[in-house]
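**Student:** Numbering (the numbering used here), first residue to last: 1 to 105.
Okay, here's the structure, questions in a sec.
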DNA sequence: ATTGGGGCCTCCG
DNA sequence: TCGGAGGCCCCAA
């Protein structure tokens, strides 16, 4: 399992109505300081519509970027019932989901 | 709140 | 093949 696939796998674990952060995913892969690389992987992900990477936000609560545009990301979050106000996810602290560690041999 | 520096991965020259 | 730049970032001043 390569890096990109691991990232997608971790992101896919996030249930509807919850969010996770780039950092958490990095940690789930055992590489806590590769958060930026995680963003890269999600950005180049093959199926933005099948892969809910919009549920991945920054650790400070800001939405971060999105391949299809930040506004689109916000819209998709709204569909999940997650409100974004002033560029930040409202009450993101209480809906954070930590993905299970991904074994990467 | 801002700013600067750092580490990880991928793509292009 | 090798090197450099950039990206859906993070943390400490």
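Built from N, CA and C at the ideal position, the CB exists for glycine as well.
Check this for me: beta carbons of residue 100 and residue 13, under 8 angstroms apart or not?
**Tutor:** Cβ atoms of residue 100 and residue 13: closer than 8 angstroms.
**Student:** Between the Cα of residue 96 and the Cα atoms of 63, 103, 70, which residue gives the shortest distance?
**Tutor:** Selected option, being the one with the closest Cα: 63.
**Student:** My guess is that residue 61 and residue 36 are in contact by the Cβ rule of under 8 angstroms, so how many angstroms apart are they, rounded?
**Tutor:** With 8 angstroms as the limit, residue 61 and residue 36 do not qualify as a contact, their Cβ atoms being about 18 angstroms apart.
**Student:** Indicate whether residue 29 and residue 4 have their beta-carbon atoms separated by less than 8 angstroms.
**Tutor:** Contact flag unset, no.
**Student:** Which residue comes first and which comes last in the alpha helix (DSSP H) that contains residue 22?
**Tutor:** Segment 22-28, the alpha helix (DSSP H) holding residue 22.
**Student:** Which partner residues of residue 85 appear in the DSSP bridge assignment?
**Tutor:** In DSSP, residue 85 forms a bridge with 88.
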